[in-house]
Amino acid sequence: MQGEREISYADVNRDVVRSLVETGSKYYITLGISATVTLLCFFFPWFYQLHYGIGAAGMNQPTVWGTYLASFIFWIGLSHSGTLLSCVLHLTNSEWRKAMYRSAEAMTLFSLLVAATMVMVHVGRPWFVHWAVPYPNQMEMWPNFRSPLMFDVMAITTYLTGSSIFIYMGSIPDFAAVRDRTTGWRHHMYVLLSLGWRGTDTEWHRLGWAYTFLAVLIIPLAVSVHSIVSWDFALSVVPALHQTIFAPYFVVGAIYSGTAGIVTVMYFLRKYMNFEHYITKLHFDNLGKLLLVLSLIWTYINAVELFTGWYSETSFEIEALRYKLFGFYAPLYWEMILFCAVAPLLLISKRFRTSFVPMLILSIAINIGMYTERFLIVATSLSRQYLPDSWRVYVPSFVEISILVGSLAMFITLFLIFVKIFPSVSIYEVKETLPEPEPKPQTKAGVPEWQPTR
Amino acid sequence: MSSIDRRDFLKLVGAGGVGTGAGFVLRESINHPVEQLIPYPVPPEEFSPGIATYYNSVCSMCSAGCGITVRTREGRAKKIEGNPAHPVSQGRLCAHGQAGLQVLYNPDRLTGPMSRSVEGGELLPVTWEEGISQLAGRLGDLRANGQGNSVCFLSEGVRGHLAGLFELFMDQLGSNRLLHYDFAHPQTLYAAINRLFGEANLPYYDLQNTRFLLSFGADYLGNWISPVHHGLGFGRSRDGRDGVRGRFVQIEPRMSLSGAAADEWVPANPGTEGILALGLAHHIVNEGGYERGDRDAWVASLEAYSPAAVAEQTGVSADTIIRLAETFAGTQPSLAIGGGAAGQHSNGVDTLVAVNALNYLVGNLGREGGLVFNPPPAVGSGANGAQATYTSMLEIAEDARQGDIQVLILNQTNPAFTLPAAAEFRQAIAEVPLVVSLSSFMDETTAMADLILPSHTYLEAWGDDFPEPGVGFSAGAVSQPVVSPLYNTRATGDIIIGLAQALGLTDAFPWSNMEERLQEGWREIHARGVTAAEADDFEDFWTGVVKAGVWGETSRRVRPLAVESGVIESIGVESPEFSGSSAEYPFILHPYLSNTLDDGRGANLPWMQELPDPMTSVVYGSWVELNPTTAGELGLVEGDLVEVESPEGTVVAPVFVYPAIMPNVIAMPIGQGHTNYGRYASDRGVNPIEILSPQVEPETGDLAWAATRVRLVPTGQRVEIVKTGGVSRELGREIIQTVDAEPSAGESAGLSSIPVTVVHS
Amino acid sequence: MSFIDNFLARWQEYREPGYYKEFDYAWTMTIDLDRCTGCEACVTACQAENNIPIVGERGLAQGREMQWMRIERYWEGEYPDIKLGFIPMLCQHCDAAPCETVCPVSATYHNQDGLNAQVYNRCIGTRSCAVYCPYEVRYFNYNNHHWDAPLDEQLNPDVSVREKGVMEKCTFCIQRIRQAKDTAKDEERRVGDGDVQPACVQTCPAEALVFGDRNDPQSQVSQSMNDPRAYHVLEEVNTAPSVVYLKKVETDAG
Amino acid sequence: MATNALGLFDAPSTALAAAGELKGAGFDTPSVISPIPLHGIEEVLGKKKDVIRRFSFFGGIFGALFGFTLAAGTAVLYLHPTGGRPIIPIPPFLIITYEMTILLGILATVIGFLVSARFPAFRERLYVPEAAVDKFAVAVSCKDAEGYRRAEEIMRGAGAEEIRELEGAD
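Residue numbers (our numbering), protein chains in the order written: chain A, 16 to 469; chain B, 25 to 785; chain C, 9 to 262; chain D, 21 to 190.
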């Protein structure tokens with residue numbers, strides 16, 4: 016199909032299984048580095064922070080939220096394209112989704128996991144964070160369901176559950192396929208993971224329906240998740256946060272940054288997992304178009320936000336606006352505009368969209384811009400609230416920056432582990448996109464090149 | 025992570041981090057600190073567990089003499105509150121008074137006597153017996169040799185029976201070198217009051233009942249004389265009477281706390297406050313319908329002070345002068361007060377005479393809302409009796425250098441810090457063979473002592489106090505120990521009595537301790553019979569006074585409306601003199617007592633260090649205040665380090681752009697810059713006193729500490745000023761809402777209830 | 009099941025905005041800005057009463073001050089026509105407090121006295137309440153605070169010392185209120201006007217602060233609230249604060 | 021003892037044709053094992069009943085009830101009045117309801133899938149590993165040897181490249 020050469024069904028199986036079982040030293044080195052960075056940059060600073068208190072970070076009065084929360088939103092946002100995009104494309108029967116959706120969904124999963132750890136890093140007493148979970152207890156103390164943060168807890172739990180199930184459901188046939196070609200502990204693992212999948216017509220039918228229902232359920236869920244994250248801010252009375260447009264703003268921003276994230280991941284999968292035949296220019300072209308549209312919507316919402324702030328004529332909103340555009344953090348703001356609103360206009364060119372390296376650079380730039388956006392949402396508004404005499408600038412500390420780097424490394428580590436367990440390209444769905452095998456002339460049957468281990 | 029404890033460890037486990045941390049965590053979690061439990065089955069007598077006990081006492085954080093109530097629990101002082109029965113504080117207390125607990129529980133207190141065995145050697149702990157005998161032996165030798173006068177006793181300003189005890193002691197030694205020294209003592213005001221009214225004690229300024237107050241440089245709400253009482257008066261004057269709202273005008277080159285509270289802040293050139301006062305007087309006498317018999321004398325001596333002439337010198341417009349004069353004369357009762365920096369110029373006494381004379385001109389003497397004369401304090405001669413001036417401190421320094429002083433005893437005073445470097449007092453102390461400090465803290469002066477006999481803090485010791493200035497009638501209070509002494513220290517009075525007895529002066533000092541001395545003194549007061557606390561029996565009387573924490577004679581003094589003869593003729597204020605030429609040193613340095621640290625004695629209290637300066641919100645540091653225009657001209661912004669250079673020296677501090685200061689004036693707070701005053705104060709900020717020129721007010725010999733010229737030299741370096749405030753502008757947000765003095769009809773009728781306008785969700 | 013019956017029977021009650029029809033006591037403070045001199049006695053009194061930690065210069069440089077009661081200052085005008093206004097800022101004990109709703113673990117709630125109560129034990133340190141508070145009066149323990157011995161002997165045994173990761177704020181000196189209520193209960197009466205004062209009110213030299221029960225129309229605080237100068241700071245945020253400010257009076261002194 | 025005849029086909033078209041013929045020949049409905057879901061299989065083997073939608077639907081309904089009850093019930097267990105709002109405010113609790121609807125809907129869908137497709141199943145079942153790669157298998161149960169022979173014939177005729185005789189259920 017999209018590839019330069021004809022690929023057969025067997026090629027797909029072979030390539031994917033190879034990606035799982037053949038592990039070069041490069042992989043181990045990368046994994047080792049990213050795991051070490053995770054440990055050094057994430058866990059060690061975090062332990063120090065647990066010991067010292069949140070004061071290890073640069074937060075102050077009144078900017079009590081800082082990069083941890085910005086990272087939290089960022090990771091939640093990054094999670095958004097994966098499963099959401101996959102669901103939408105599944106329901107609309109987009110062919111080009113099929114080669115990339117697995118890794119996109121994995122991004123969702125791992126960004127959510129990293130986001131959850133950011134919550135642990137963010138709260139002052141993470142050893143009591145289970146109090147925010149509704150479970151029966153002797154004290155009859157329950158969480159406060161009136162709180163936007165509880166909405167968050169519920170929504171993210173649901174989203175994490177839903178996403179995990181979604182990616183797993185889609186992988187069952189592939190686990191079965193891989194099961195047949197692996198040995199040893201891998202085989203046992205895939206036996207369990209594939210649940211005894213055979214691929215009968217009944218099983219395909221059930222899977223098809225279940226998968227579709229899940230997709231239908233997850234789309235509104237994903238939209239609600241980032242809306243709810245936005246309400247953490249928008250339900251406050253802080254100037255520049257108390258905005259009705261925040262929910263769509265966050266959702267669009269999330270999909271935007273998530274899509275850019277997919278481009279980044281696609282590039283690396285293609286390059287280092289030898290998936291050139293499955294992830295092609297078509298994918299980059301389509302994702303590029305999507306990014307362009309999202310960037311325009313995002314820019315529009317930003318403009319609306321500025322406009323309503325300016326039009327309100329209240330001291331609070333005007334000051335928040337002025338501070339954002341020209342205050343202490345203004346360079347970051349203009350960097351964000353450059354990366355997220357101006358640079359993506361390059362995507363108008365098809366040549367740009369189908370060039371891999373420029374797309375990679377742009378996608379990374381967009382995510383840097385989107386991280387900045389989240390940081391600015393927290394930092395500019397909290398440091399310019401109602402009472403000017405309590406205004407104070409917030410600058411992240413070394414620990415915070417280190418944990419940010421570490422969380423990225425943690426994401427990479429998780430992803431690296433993922434690509435060795437999950438077939439990172441969906442075997443059966445890629446096959447679906449290939450031309451159906453034609454009946455061969457009645458000669459000797461093709462002998463499989465491996466012996467089934469079962 | 026060296027100090028991780030078991031609880032932290034459990035948290036780490038809870039957070040899933042045990043894998044990396046367990047090795048060193050476990051080892052360190054084994055050591056449990058031993059907790060000292062109070063044995064409740066056999067509780068100490070003085071407390072019942074869980075029940076707070078309140079003791080009345082007297083605050084000695086400043087010289088105001090507020091009555092306090094100390095709340096104690098389980099034998100520990102927990103909170104200081106104002107004593108509601110005490111006429112000065114009336115249940116209220118300032119931040120300083122609150123922080124008295126940190127004097128008591130200060131981690132840097134001296135815990136026992138120390139002595140330097142060899143000259144320049146280390147201070148080593150000694151027993152009290154050794155310490156006392158070392159000093160007594162020396163004093164005894166000197167006394168026996170008739171060199172008693174080579175003993176000098178320098179104390180902080182103390183009153184009541186302790187002051188008497190000091191006098192008696194020095195008397196017995198045959199020395200007349202007993203001086204009380206406080207940087208902020210209003211020496212010039214005493215002189216002015218004495219010259220104008222022939223009074224030895226300060227009058228009572230009745231802020232509470234006044235309707236119009238003109239304050240010339242006196243930061244009466246900040247540090248001046250009795251801030252808590254003035255605060256009470258301010259509040260009640262503002263909003264304590266139906267339909268009458270007191271108005272306040274503050275005249276000073278740099279807006280102080282009182283300037284902020286005032287309705288109008290009038291910047292006048294430093295040192296010209298007295299001239300301005302005479303400008304007002306000129307208008308009152310000439311145009312204001314002044315009709316008393318001495319009008320001609322006034323007209324004659326005020327001739328040179330026409331508003332136009334005064335306006336030129338003071339920088340205050342003639343219109344303002346006339347307006348203020350008319351309001352002052354037309355709003356009765358009104359009151360003029362002066363002090364602070366206004367009294368610390370080369371013309372200080374003249375200035376304050378001029379200011380207080382305004383009260384005479386409008387008839388504000390001896391009446392409510394005016395200036396009320398105090399009876400002499402019930403015990404002692406008041407605070408000014410033995411008060412040292414700058415000149416007398418110089419004399420002592422000179423005597424020390426000449427070898428005339430063999431023993432210098434210091435009681436809680438810190439001249440090494442509060443005297444300008446120009447006085448060379450440190451060098452003088454070094455010449456004294458035996459320097460003894462009774463201080464509770466290792467301050468700059470105590471660090472130079474050869475023998476330290478640390479005294480109790482005021483919350484551990486017996487004492488009494490008779491507020492000066494009083495509140496229009498005679499009042500006093502007994503201060504009692506509220507906790508048992510923390511350390512191996514002794515009450516100052518007990519040390520003196522102990523010394524006297526070691527010297528064999530048992531006839532003059534028949535008491536075994538200060539409490540006995542107090543009881544004897546109060547027996548005399550009881551014997552006079554005129555008291556508010558009715559009790560026939562002395563024991564009842566004493567118990568009553570200690571319990572109530574206050575005693576008073578209610579009669580007020582009646583005094584004719586008159587000034588001393590010859591005053592009117594001699595009235596006049598010269599232009600202030602400053603050291604250094606204005607070309608070389610373009611700015612006038614306006615040092616002011618820090619609102620939080622006072623004259624530096626509060627710098628070792630963490631609460632005071634952390635209390636933001638009310639005007640600037642700066643904490644933990646020094647700064648130089650500049651007018652925005654001046655700062656703009658010099659290209660300086662907040663945090664730029666500048667050298668403040670006077671003819672006497674240089675200090676380096678960061679710039680703070682202060683919107684309410686005259687462009688030719690720079691201001692610096694006094695209080696920081698300690699080199700040796702405990703962990704909270706040491707090596708923090710700078711002490712502007714160091715660079716003051718030794719300019720003296722000629723009449724009193726007091727230091728004209730507001731008369732130094734300086735120049736600014738930018739260093740090009742920057743620091744971040746530590747402050748709690750952000751942007752101190754409202755930006756139209758109506759946070760502090762205001763209303764016109766005359767409310768228009770149809771104004772809202774207040775909030776009869778707080779409406780809970782809830783979104784129905 | 010009795011639980012469900014109970015639930016249905018009380019449905020109306022559960023739908024009542026604010027739940028309390030009337031507070032047992034409606035503790036209220038008025039702050040007369042015309043009296044406030046900015047002397048900050050209240051700040052230290054609060055620090056002494058409520059075991060508010062010593063943050064240290066480094067902590068303050070990092071902007072982590074701890075002052076349940078703080079003074080804000082606002083300049084108006086330019087030299088020489090310049091004025092400085094002070095405004096004490098403390099927890100407003102809003103009856104419609106944004107901070108209460110946002111806490112996911114119910115560590116802050118409205119009690120039967122109309123107080124905005126903070127339960128330190130329950131706090132997990134999300135700090136969202138501090139974000140939601142428009143008055144910036146919630147203070148977070150960024151680290152464990154230390155009192156150099158023997159400064160710790162001053163600590164008020166009636167007030168807990170907060171550990172790292174916990175949010176704290178003004179309680180209207182709830183320990184004093186509790187004590188007054190206990191005493192009143194023993195004497196079988198209601199807490200009278202003036203029986204209880206928070207540390208700041210008690211110490212204010214200018215008597216700018218008045219505290220009491222606004223349910224009692226005779227109380228000093230009720231009368232003070234009826235002053236035409238009464239207003240709420242940030243009224244537009246509609247938080248129904250229990251702290252009422254009295255406007256500063258502007259006048260030409262001369 | 022029944023046996024199964026399992027024919028391996030190269031292409032879905034031939035496999036489907038064989039399955040159709042088998043069904044037409046009176047065999048039990050054959051099952052088709054394929055590496056990809058086959059379109060048009062329903063026309064050949066008849067429509068399949070689907071129960072998953074019921075799981076999803078009732079799961080969602082239950083989730084909604086559960087969500088609201090969780091929020092409202094716990095709110096009244098320990099009364100914590102906050103922010104001048106009612107103990108049971110509707111809009112926030114609707115969000116909880118919404119999330120729980122989806123969560124339980126998802127879980128029920130998964131359970132529906134597992135139940136209706138009889139997962140997990142780790143016992144030995146009728147299976148050819150090639151069918152997970154590029155072969156399409158048609159399996160049909162035969163009552164006796166005659167049946168097996170007939171099935172083999174039909175499948176050979178449709179183009180099966182290999183026929184296996186496999187024991188086992190399903």
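Cβ atoms here follow ideal geometry from the backbone N, Cα and C, with glycine treated the same way.
In angstroms with no decimal places, state the Cα-to-Cα distance between residue i and residue j.
i      : j      : result
A/H66  : A/F143 : 15 Å
D/L127 : A/A225 : 11 Å
B/H254 : C/N129 : 42 Å
C/N124 : A/F390 : 31 Å
B/A627 : D/I107 : 50 Å
B/Y609 : B/E669 : 8 Å
B/R51  : A/F59  : Because the pLDDT at B/R51 is just 35, under 50, the model does not fix this residue reliably, and the value given afterwards should be weighed accordingly. Taking the straight line from one Cα to the other gives about 19 Å.
C/T259 : C/G26  : 41 Å
Confirm, please, whether the CB-CB distance from residue j to residue i is below 8 Å.
i      : j      : result
C/S136 : C/C111 : yes
B/A378 : B/I308 : no
A/L177 : A/L236 : The displayed chain sequence assigns Gly, not Leu, to residue 177 of chain A. In this structure, A/L236 lies closer than 8 Å to A/G177 by Cβ.
B/N248 : B/G364 : For clarity, residue 248 of chain B is Trp in the given sequence; the question names Asn instead. Their beta carbons are under 8 Å apart, which means B/W248 touches B/G364 by this criterion.
B/P149 : B/A446 : no
Near residue i, which residues of its chain fall below 6 Å by C-beta distance, leaving aside the five closest residues on each side in sequence?
i      : result
B/P399 : S498, R581
B/G709 : G645, S646, Q696, G697
B/L189 : G517, I520
C/A115 : V127, R130, C131
What does residue i reach in chain C if we use C-beta pairs closer than 8 Å?
i     : result
A/G15 : Here chain A comprises residues numbered 16 to 469, so residue 15 of chain A is not present and cannot be evaluated.
Which residues in chain A sit within 7 Å of residue i, going by Cβ to Cβ distance?
i      : result
C/T109 : R161, S162
B/G749 : D404
D/A95  : F160
Counting only Cβ pairs nearer than 9 Å, list the residues of chain D close to residue i.
i     : result
A/W90 : Residues of chain D passing the Cβ test: none, with the nearest at roughly 19 Å.
C/R23 : P106, I107, I108, P109, I110
Give the interface partners of residue i over in chain A, defined as CB-CB distance under 9 Å, in chain order.
i     : result
D/L58 : D216, W219
Between residue i and chain E, is the shortest Cβ-Cβ distance under 8 Å, so that the two count as touching?
i     : result
D/G87 : No chain E appears in this structure, whose protein chains are A, B, C and D.
Report all residues from its chain with a CB closer than 7 Å to the CB of residue i; omit the five preceding and five following residues, and keep chain order.
i      : result
B/P509 : H480, E484
Can you pull the chain D residues whose beta carbon is under 8 Å from the beta carbon of residue i, in chain order?
i      : result
A/T176 : L123, I126, L127
Exercise. According to a CB-to-CB cut-off of less than 7 Å, which residues of the region 230-261 of chain C neighbour chain A?
Worked result: L242, V245
Exercise. Can you list, in chain order, the residues of the region 751-765 of chain B whose Cβ is nearer than 8 Å to any Cβ on chain A?
Worked result: V751, S752, R753, E754, L755, G756, R757, I759
Problem set entry | Residues from the region 439-450 of chain A in contact with chain D, defined by Cβ distance under 7 Å | Y443, K446, E447
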